[in-house]
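Some notes on the structure that comes next.
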Amino acid sequence: MSRFAKRICQFCLIAASIFAFNSATTAEAGGYRQTYSSWNYHPTRTYYYTTYRYRPVVSVPTYHHHYCIHYPSRPRYVYYYNPVRRVYWGRYDLQEAGYSMLKPADQKGDLEAIPESAFPKPSEMPPIPESTDGVAMAKPELKDLPKVNAAVDTP
C-alpha cells in the first residue's frame, strides 16, 4: 500500500471516529430526543393541541409523535393521544404536576368512554413510548397554553 493510500485510510478512520463520537454525545446529551411543538387551537373541535415528538431509540434519526390535547371544558388536564392506535393513553394533571397512565384495557378512542375512575393517581412521567432505556418523557410545555375559563368554553 502506498504512503498516500495509508494517509487516506488514516484520515477516513479518524473522521469516522469523530463523527460517531459526536453523534452519540449529542444524542445522549439531549439532542432533541423529545420535544413539544407550540400550542394550536382546533376551532371545529374546540380544543388546544401540541405535538409530542420523540425518538424511542437514541440512534434512530426519525421521530414518532403523539398529540397532547387540552379541552377547555376539562381545564385541569392535558390528555395524550396515540394517532397510530387512535386511543387516549393517559393524561397530565396540571394541578398535581403528575402523569396518570391508563391500563391498556381502559385506553379508548373516545374520551367520554373512559371513566374518571380509570385514571390512577398522578405520579412521575412514564418512559418515552416504545423506548427500552427508561428515560422519562418530558413534561408538556405549558407556557404557551392559553388560560381558559371553563364556564365560558364548555359546550
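If you count by mature numbering (1 follows the signal peptide of the UniProt record, and there is no 0), then the sequence shown holds residues -29 to -1, 1 to 126, one letter each, in order. Glycine included, C-beta positions come from ideal geometry on N, C-alpha and C. Small disclaimer: the values here were computed from a predicted structure and weren't measured.
With three or more C-beta pairs closer than 8 Å as the rule, is the region 33 to 48 touching the region 60 to 70?
In short, these stretches touch, since the Cβ pair count reaches three.
Are three or more beta carbon pairs between the region 79 to 93 and the region 109 to 118 nearer than 8 Å? The region 79 to 93 makes no contact with the region 109 to 118: fewer than 3 CB pairs, one atom from each, lie closer than 8 Å.
Problem set entry | R24 to R(-27) span [Cα, whole Å] | In the sequence shown, residue 24 corresponds to position 53, counting from 1. In the sequence shown, residue -27 corresponds to position 3, counting from 1. When rounded, the separation of the alpha-carbon atoms in R24 and R(-27) is 48 Å.
ask   = If you drop the 5 nearest sequence neighbours on each side, which residues of the same chain put their C-beta closer than 7 Å to that of N53?
value = Within the sequence shown, numbered from 1, the residue matching residue 53 stands at position 82. Closer than 7 Å at Cβ, skipping near neighbours: H37, W60.
Excluding the 5 residues flanking P111 on each side, which residues of the same chain have their C-beta closer than 8 Å to its C-beta?
Within the sequence shown, the letter at position 140 stands for residue 111. Counting only Cβ-Cβ distances below 8 Å, and skipping sequence neighbours, we find Y7, T21, Y23, C39, V49, Y63.
Cβ shell of A109 (< 6 Å), same chain only, five flanking positions each side left out
Against the sequence shown, residue 109 aligns to sequence position 138. Q5, listed in sequence order.
Quiz item: Can the beta-carbon of G105 be found closer than 7 Å to that of P98?
Solution: For the purposes of this step, residue 105 is identified with residue 134 of the sequence shown, where counting begins at 1. For the purposes of this step, residue 98 is identified with residue 127 of the sequence shown, where counting begins at 1. Yes, the Cβ-Cβ distance between G105 and P98 is below 7 Å.
**CA nearest to the CA of D81, picked from Y51, P43, H13** = For the purposes of this step, residue 81 is identified with residue 110 of the sequence shown, where counting begins at 1. Out of Y51, P43, H13, Y51 has the C-alpha closest to the C-alpha of D81.
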